C-alpha cells in the first residue's frame with residue numbers, strides 16, 4: 003500500500019482576489035513540488051463533492067446553504083468577512099475540499115492505501131459550526147473526523163493541527179463530540195486569539211500548546227514531542243487526521259514562528275509512529291495554511307515524503 007493524493011482543478015479556480023495570501027498559486031506550488039521523480043509512486047485521484055449528509059455532521063444546513071447561496075454567479079467577489087471571500091467557483095471548491103477528506107477517510111478505512119494527503123483549498127480549520135472565517139468555509143478536518151467516527155465506526159478519532167494559527171473551528175466543532183481528540187501547536191496571541199491551555203474540551207478532548215513568537219525548531223520539537231505526542235498516545239487514536247498547515251515556517255509572512263522545512267517531516271514521522279502503534283497506520287492529512295510559496299512547496303515535499311516512507 004502507498005500514499006494517495008487527492009486534489010481537483012477547481013481548487014485553483016477558487017479566486018480570492020488580488021494580493022490575497024490564500025491564493026491559487028499555493029496549490030500550483032504544492033502540485034509542482036510533487037511532480038518530481040521521487041513522487042512517481044504517489045497515487046493521484048480527483049476530489050469528489052462532499053454530500054450534504056457528510057457536511058451536516060459538522061455544520062447545520064443553514065450554514066451550508068448560507069455559504070453556497072452567497073457564491074456569486076458572475077466574475078465578482080462576495081466577502082463573508084474581510085478575509086473570507088467567495089467567487090464563482092468557490093462553492094464547488096469548498097465542496098470538493100471537504101469531499102477530498104471524506105474520500106481519503108474512505109480509502110484509508112478500506113485499506114486501499116496506507117494514507118492520504120489532500121492538496122485542496124479553501125482550507126478549513128477556522129470554520130466553526132455556523133461561521134465561515136479565516137479563509138475557511140467548511141471545516142474539512144472536522145467533516146473527515148466525524149465521517150470516520152459515524153460512517154466507519156472508529157471510536158477514537160484524533161485531529162492534530164500544526165498550523166501556526168489555532169484551529170478554532172475544529173475545536174469548536176469537536177468540543178462536545180464523544181470519541182474525538184483535537185491537539186494544536188500554534189503561535190500564542192495570534193489570529194484567531196483562541197487555543198489557550200485551559201481550553202480542554204467537553205465530551206471531546208482538547209490539547210492546546212500555544213508557542214511564543216520566535217519559537218525555534220528545538221523548542222517546537224520539545225513541545226510537540228514531550229507534550230502533544232504523549233497526550234495523543236494516552237488517547238490511543240484508532241484514526242488520525244492531520245491539519246497540515248505550513249505557515250509556522252520561518253519564511254512565512256503571516257506569523258512569527260521559526261520552524262524549518264525539516265521540522266515538518268519530523269513532526270509527521272512522530273505522528274505516523276503513533277498511528278502505527280494504535281491506528282493500524284490510518285492517517286489522512288489535509289492542507290491548511292502556508293503562504294510563502296517556496297517554503298510551502300518544500301515543506302509539503304517533506305511532509306509527503308514522510309507519509310510515503312521515503
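Numbering (the numbering used here), first residue to last: 3 to 312. Think of the CB as a built atom: it goes at the ideal place given N, C-alpha and C, for glycine as much as any other residue. Here the structure is a predicted model, which means the values were calculated and not measured.
May I ask which residues mark the beginning and end of the beta strand (DSSP E) holding residue 183?
182 to 189
From residue 193 to residue 129, what distance separates their C-alpha atoms?
The straight-line gap from Cα to Cα measures roughly 13 Å.
Can you tell which of 281, 286, 287 and 186 has its C-alpha closest to the C-alpha of residue 250?
Out of 281, 286, 287 and 186, 186 has the C-alpha closest to the C-alpha of residue 250.
Which of helix, strand or coil does DSSP assign to residue 72?
Here DSSP, grouped into helix, strand and coil, assigns residue 72 to coil.
Tell me residue 1's beta-bridge partners as DSSP assigns them.
Because the chain here runs from 3 to 312, residue 1 falls outside it and cannot be looked at.
Could you spell out the range, first to last residue, of the beta strand (DSSP E) harbouring residue 208?
For residue 208, the enclosing beta strand (DSSP E) starts and ends at 207 to 213.
Who are the Cβ neighbours of residue 145 in its own chain at under 7 Å, not counting the five residues just before and after it?
52, 56, 57, 59, 60, 100, 103 and 104
Per DSSP, residue 46 forms a beta bridge with which residues?
7
Using DSSP with H/G/I as helix, E/B as strand and the rest coil, what is residue 33?
helix
Among the candidates 69, 208, 237 and 180, whose CA atom is the shortest distance from the CA of residue 170?
Per the Cα distances, 208.
Spatial neighbours of residue 1 within its chain, please: CB distance less than 6 Å, with the 5 preceding and 5 following residues excluded, ordered by chain position.
For the chain, the structure presents residues 3 to 312; residue 1 sits outside this window and is missing.
Thinking C-alpha only, which one of 184, 215 and 217 is nearest residue 201?
184
The beta strand (DSSP E) with residue 294 in it runs from where to where?
Where residue 294 is concerned, there is no enclosing beta strand (DSSP E), given that its DSSP letter is neither H nor E.
May I ask which residues mark the beginning and end of the alpha helix (DSSP H) holding residue 86?
No alpha helix (DSSP H) contains residue 86, which is instead part of the beta strand (DSSP E) from 86 to 88.
Could you pull out every residue in the same chain whose Cβ sits closer than 7 Å to the Cβ of residue 77, ignoring the five residues on either side in sequence?
90
In terms of alpha-carbon separation, which member of 232, 123, 98 and 81 lies closest to residue 275?
232
Residue 177 beta carbon less than 7 Å from that of residue 155
no
Let me check understanding here. Comparing Cα to Cα, which of 34, 50, 4 and 124 lies closest to residue 313?
Shown here, the chain extends from 3 to 312; a query on residue 313 therefore has no answer.
Quick one: what does DSSP say residue 253 is sitting in, helix, strand or coil?
Coil at residue 253, not helix or strand.
Kindly indicate the opening and closing residues of the beta strand (DSSP E) around residue 289.
285 to 289
Out of 220, 157, 234 and 107, point me to the one whose CA is closest to residue 163's CA.
234
What does residue 260 pair with, by DSSP beta-bridge criteria?
Bridge pairing for residue 260: 218 [DSSP].
May I ask you to report which of helix, strand or coil DSSP gives residue 109?
helix
How long is the line joining the alpha carbons of residue 68 and residue 96, rounded to whole angstroms?
If you draw a straight line from the Cα of residue 68 to the Cα of residue 96, it is about 13 Å long.
Is it buried or exposed, residue 21, if we count other Cβ atoms within 10 angstroms and call 16 or more buried?
Taking all protein chains in view, the Cβ of residue 21 is surrounded by fewer than 16 other Cβ atoms within 10 Å, so the residue is classified as exposed.
For residue 282, which three-state DSSP category applies?
coil
Pull up the CB-CB distance for residue 26 and residue 14, whole angstroms please, since I reckon it's below 8 Å.
5 Å
So, are the CB atoms of residue 160 and residue 237 less than 7 Å apart?
yes
Tell me the rounded alpha-carbon separation between residue 137 and residue 198.
Distance between the alpha carbons of residue 137 and residue 198: 22 Å.
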